[in-house]
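S.K.:
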Amino acid sequence: DKSTGRPTKKKVVAVVGGGLVGALNACFFAKRGFNVEVFESREDIRQAKVVKGRSINLALSHRGRQALKHVGLEEKIVSQGIPMHARMIHSPSGKQSPIPYGKKGQVIFAPSEAETYPNTKLNFEHKLHDWTAETGLMTFVRSDGSKEQIKADLIVGCDGAFSAIRKQFLRRSRFNYSQTYIPHGYMELTMPPINGQFAMKPNYLHIWPRNTFMMIALPNLDKTFTCTLFMPFEEFEKITTGDEVIEFFQKYFPDTIPLIGSDALRRDYFRLPAQAMVSVKCSPYHINDKCVLMGDAAHAVVPFYGQGMNAGFEDCIVFDEIMEQFNEDFSSVLPEYTRVRVPDDHAIADLAMYNYIEMRAHVNSKWFLFRKHVDNILHFIMPRTIIPLYTMVTFTRTRYHEAVERWHWQDKNDIFLIFHTWLQAWLFTALWGCLGKGHNDL
Ligand code: FAD
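Numbering (my numbering), first residue to last: 1 to 442.
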């Protein structure tokens, strides 16, 4: 049994998983004065000679920024990001057309890295093996195979989509759980700079919608783009040679071949296998006053609304707000967190799945584009009544489930609202006409 060796003025909070959400959560608990211990299975990437794994660059939007702001990290992270003002749609012929995100002045940022708050102890190479809900006793396996037992007052499970903490929840009665793998996988390819400059316009989320396939590209600070190709696994597997890669890109993404480079394409396509994407929904998020799940451990969502990390960051701020409300009493805070947060996280999981279909198919359709314009015009005329769903999700902290309810309401009522606005405008003009006439008669 290892004690944390710190003066125990406050309780010990163990954050299991030092990914994006775990690192941010540690800051929230540290700011409240808890003794925070973060346990991460990987080695410290700041000291690693070789950094293994993928390099997903992420769109950080309003919800995530609000959470970062709360712990004083917003400026630090945002200054490392590249603002994206609009989507840039690439047609198969190479034609590019921008679709704005919403009001001017609203941007999304793509940070390349997230740093941790200093006031917390990080334990790398600690892989959670097992834990007990009754006592809060956790067993970790270190890289040399040795085991270590550590006790905490509160365990915060931030260990990602395949959470080891969640395994204990699965053994308990009345725990709801579902997971769905989508038929698509993803692969990352790098588009290098050309003459030291971005190969495409940097302040856009570039999208190549091709019905069942899709590629997106996000800018990085080093002037490269990370291109992510989403495609059914069976299609990935059909391509087995370099020539087939080029043939495939020639057919669907010809404008990217000179930008990525055909030699790089032939090589990089086979560097790593395509990765799977899973959607996980569960409830409740807590066990007694001992343990709570946050981030992907509670709700892995498919990455088609750019909200996975943002939702995870918002989890931290919502939890913190409830901590304030209930005076840090875990036995009240944890059930309230489940009550408040489950409907919202389930809503964003559903929306992300919905967008998975929309981004693939509808972004090409004239009806979809027309509806987007109508929504934007209505938003301009009635900014308080009509707010496009994307705006609510990406640029506000409207609760996800309320955004969905409002979206359904707007969808049902938009014809009525157009008529109502038109009638108001007509009455207004007619009234002024009458007044003008009356004045002339005098
Ligand atoms: P993770 O980042 O998975 O971190 C979990 C951590 O726990 C890891 O460091 C892991 O090593 C550690 N761990 C796991 N098991 C153990 C164990 N047994 N013991 C100790 N430690 C353990 N989100 C956005 O908001 N915007 C985007 O644009 C976006 N794009 C995406 C694109 C793709 C292709 C994908 C796949 C996801 C994208 N996401 C995006 C989602 C985002 O990546 C995740 O929501 C986010 O990383 C979740 O953070 P997390 O900390 O909960 O989990």
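Just so you know, even glycine gets a beta-carbon here, dropped at the ideal spot from N, CA and C.
If you draw a straight line from the C-alpha of V333 to the C-alpha of E125, how long is it?
M.R.: V333 and E125: Cα-Cα distance of roughly 30 Å.
S.K.: Kindly identify the DSSP beta-bridge partner or partners of Q275.
M.R.: Per DSSP, Y186.
S.K.: Among F319, K290, A349, which has the Cα closest to the Cα of A152?
M.R.: Closest by alpha carbon: K290.
S.K.: Rounded to whole angstroms, what is the Cα-Cα separation between F248 and I207?
M.R.: C-alpha separation (whole angstroms): 17 Å.
S.K.: Given a cut-off of 9 Å, decide if I82 and P209 are closer than it, judged by their beta-carbon atoms.
M.R.: Going by C-beta atoms, P209 is not nearer than 9 Å to I82.
S.K.: Report whether the distance from the Cβ of V301 to the nearest heavy atom of ligand 1 is below 8 Å.
M.R.: It does: the Cβ of V301 is within 8 Å (strictly closer) of some heavy atom of ligand 1.
S.K.: Determine the burial state of S444: buried for a count of at least 16 other Cβ atoms within 10 Å of its Cβ, exposed for fewer.
M.R.: A query on residue 444 cannot be resolved here, the shown segment of the chain reaching from 1 to 442 and no further.
S.K.: Relative to the C-alpha of I246, which candidate in I260, F233, E234 has its C-alpha closest?
M.R.: The residue with the shortest Cα to Cα distance from I246 is I260.
S.K.: Pairs of beta-carbons, one from the stretch 230–237 and one from the stretch 58–72, closer than 8 Å: are there three or more?
M.R.: No, the stretch 230–237 is not in contact with the stretch 58–72.
S.K.: Using a Cβ-based criterion (distance less than 8 Å to any ligand heavy atom), does M323 qualify as near ligand 3?
M.R.: In the structure on display, ligand 3 does not appear, and the ligands it does have are ligand 1.
S.K.: Looking only at its own chain, which residues have a Cβ that is under 6 Å from the Cβ of V16, when we skip the five neighbours before and after it?
M.R.: Cβ within range, chain order: F39, L128, G157, D159, I165.
S.K.: Take every Cβ of the stretch 276–287, pair it with every Cβ of the stretch 27–39, and state whether three or more of those distances are shorter than 8 Å.
M.R.: Too few Cβ pairs lie closer than 8 Å, so no.
S.K.: Please classify Q307: is it buried, with 16 or more other beta-carbons within 10 angstroms of its beta-carbon, or exposed?
M.R.: Buried.
S.K.: Would you say K281 and S173 are within 9 Å of each other, going by their C-beta atoms?
M.R.: Taking 9 Å as the Cβ cut-off, K281 and S173 do not qualify as a contacting pair.
S.K.: In angstroms, rounded to a whole number, what distance separates the CA positions of V12 and G136?
M.R.: So the two alpha carbons sit approximately 10 Å from each other.
S.K.: Going by DSSP, what residue range makes up the alpha helix (DSSP H) through P258?
M.R.: Residues 257–260.
S.K.: Tell me which residue opens and which closes the beta strand (DSSP E) that Q149 is part of.
M.R.: Where Q149 is concerned, the enclosing beta strand (DSSP E) stretches over 147–151.
S.K.: Report, in whole angstroms, the separation of the C-beta atoms of L450 and G312, which I expect to be a contact under 8 Å.
M.R.: For residue 450 there is no data in the structure shown, the boundaries of the chain being 1 and 442.
S.K.: Cβ of Q307 within 8 Å of any heavy atom in ligand 1?
M.R.: Yes, since a heavy atom of ligand 1 falls inside the 8 Å radius drawn around the Cβ of Q307.
S.K.: For F330, collect the residues of the same chain with a Cβ closer than 7 Å to its Cβ; drop the 5 residues on either side in sequence, then sort them by chain order.
M.R.: L154, D289, listed in sequence order.
S.K.: Indicate, with yes or no, if ligand 1 has a heavy atom lying under 8 Å from the CB of R42.
M.R.: Yes, Cβ of R42 sits closer than 8 Å to a heavy atom of ligand 1.
S.K.: Check R267 in the structure and name its three-state DSSP category.
M.R.: DSSP places R267 in helix when its eight states are reduced to three.
S.K.: Looking at the unbroken beta strand (DSSP E) that takes in C227, where does it start and where does it end?
M.R.: Per DSSP, C227 belongs to the beta strand (DSSP E) from 225–232.
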